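**Student:** Residue numbers (our numbering): 1025 to 1467. One structure is given below, represented as structure tokens, and several questions about it will come after.
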């Protein structure tokens, strides 16, 4: 039977008296020991929407503001706002998310200590440190366990990226091409969302159908060998392709079907409409969607960029959370927000940065909502300047393992693969730090 652990606070004396320490394992929890109890692993989530903050968002400007640290840390963003969660403040440019705080938990103790984009992206997306084997990212693993081999019947692939691949790591790792994501390309905010392989830019429907008719008129060999197995296979591929271009898949990606007022609520920009598209894909049953939200590598002009990007983030993500909840989808959909690391808490005012923030992997934030994660919580804490984690460190392996468990994927079980490698999905390995899975916020 698959199992996970629920953390019940007991004193160190109680552990020693009952003898549970040796039987179940203990973890240090502040001034007390906490002991793990085994309970059945139950899948709460059916899908994940990952909002990948490409480049690394600053925790001080978003979900871990430090107004007391002063201008060298806050810059002009020194007026955080209260939320619907007691004790939780967020950055002043996130007023809509402040009103949705009961739906999400802020993980203020994220850490891995890596400051290089590529390595940090790999660590955050796989839970592993780089080595001889290239492990798959979360989306590929979910595609393996929740895709076509396990009952997924959708007309689009089970792992979709809106709109460009992250490009920092190999998404599928040793699982191979079959589990790579389908990157849509295009822009969902355009009048016509040009999805690669489904909508061809600059070609009308009539022109596309005329091309098909011309192809068939020239296919003399196919007509001469009507029962050829290879030709029949090609014909099936063609039917599938045109089914995507003119059938249900095209309808799925057509955002003009949505209410105009709702589109405005999400924000008429690429990110906002990507959030809306992600909700449509969840409704269709797609188990893993990544929104690759670029533009957060702010070495220069940081605050000028934040004044543009944070309101866009606020509108899109807040509306996504509310829309999923209103449609009864949030309980079964994990929303995971975060990037490969944070930004340096101390602003780099000196040339050539002139008000920028560098890479900071020692301490940063992630946000989780839905799919079995409780809302209205804060896990972990940073120091007075946001430079180091001082309470409840959370490593990528902890968060990823928690997501897998809520999806019903056993992190300690075997990871099937065509190479025949005997490896677990996510078991702790030498060199990978862990603070324990997030059972305190898992229903």
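Beta carbons are placed, not taken as given, at the ideal position from N, Cα and C, and that holds for glycine. Every value quoted in this text rests on a predicted model; they were computed, and no experiment measured them.
(1) Going straight from the alpha carbon of residue 1308 to that of residue 1072, what length do you get?
(2) If you measure between the beta carbons of residue 1133 and residue 1404, is that distance less than 7 Å?
(3) When DSSP builds the beta bridges, which residues end up paired with residue 1401?
(4) Our contact map puts residue 994 next to residue 1206 with C-beta atoms below 8 Å; I'd like the distance itself, whole angstroms only.
(5) Drop a sphere of 10 angstroms on the beta-carbon of residue 1061, count the other beta-carbons inside from all chains shown, and report buried for 16 or more, exposed for fewer.
(6) Report the rounded CA-to-CA distance for residue 1462 versus residue 1220, giving the unit in angstroms.
(7) Let me check one thing: in DSSP terms, what residues is residue 1183 bridge-paired to?
(8) Which whole runs of the alpha helix (DSSP H) in the segment 1141 to 1217 are 4 residues long or more, in chain order?
(9) Which residue from 1272, 1386, 1203, 1341 puts its Cα closest to that of residue 1312?
(10) Can the beta-carbon of residue 1365 be found less than 7 Å from the beta-carbon of residue 1384?
(11) Would DSSP call residue 1123 helix, strand or coil?
(12) What runs of the alpha helix (DSSP H), each 4 residues or longer, lie entirely inside the segment 1278 to 1358?
(13) For residue 1393 versus residue 1337, is the C-beta distance shorter than 7 Å?
(14) How far does the beta strand (DSSP E) with residue 1393 in it reach, from first residue to last?
(15) Would DSSP call residue 1415 helix, strand or coil?
(16) Give me the residue from 1066, 1087, 1326 with the minimum Cα distance to residue 1470.
(17) Are the Cβ atoms of residue 1116 and residue 1103 separated by less than 7 Å?
(18) Taking the continuous alpha helix (DSSP H) assigned at residue 1072, which residues delimit it?
(19) Does the pairing of the segment 1171 to 1180 with the segment 1126 to 1143 give three or more beta-carbon distances under 8 Å?
(20) Anyone know if the C-beta pair for residue 1435 and residue 1425 falls short of 7 Å?
(21) When the Cα of residue 1157 is compared with those of 1399, 1193, 1358, 1077, which residue comes out closest?
**Tutor:** In brief:
(1) Cα to Cα, residue 1308 sits roughly 13 Å from residue 1072.
(2) Residue 1404 sits close to residue 1133, with the two beta carbons spaced by under 7 Å.
(3) DSSP, once it has assigned bridges, lists 1129 as partnering residue 1401.
(4) Residue 994 is absent from the structure shown; the chain starts at 1025 and stops at 1467.
(5) With a pLDDT of only 33 at residue 1061, under the threshold of 50, the placement of this residue in the model should not be trusted, and no figure is reported.
(6) Per the coordinates, the alpha-carbon of residue 1462 lies some 37 Å from the alpha-carbon of residue 1220.
(7) Residue 1183 is bridged to 1312.
(8) Those alpha helix (DSSP H) runs which fall completely within the segment 1141 to 1217 and span 4+ residues are 1141 to 1150, 1162 to 1170.
(9) For residue 1312, the closest alpha carbon among the candidates 1272, 1386, 1203, 1341 is that of 1203.
(10) Closer than 7 Å, so yes.
(11) Coil, per DSSP.
(12) Qualifying alpha helix (DSSP H) stretches, in chain order: 1284 to 1290, 1294 to 1308, 1326 to 1350.
(13) In this structure, the beta-carbon distance from residue 1393 to residue 1337 does not fall below 7 Å.
(14) Counting along the chain, the beta strand (DSSP E) containing residue 1393 begins and ends at 1388 to 1393.
(15) Strand at residue 1415.
(16) The structure shown does not extend to residue 1470, since the chain is modelled only from 1025 through 1467, so no value can be given for it.
(17) Contact flag set, yes.
(18) It is not in any alpha helix (DSSP H) - residue 1072 instead sits in the beta strand (DSSP E) that spans 1071 to 1077.
(19) No, the segment 1171 to 1180 does not touch the segment 1126 to 1143.
(20) Contact annotation: residue 1435 and residue 1425 have beta-carbon atoms nearer than 7 Å.
(21) Relative to residue 1157, the option among 1399, 1193, 1358, 1077 whose CA is nearest is 1193.
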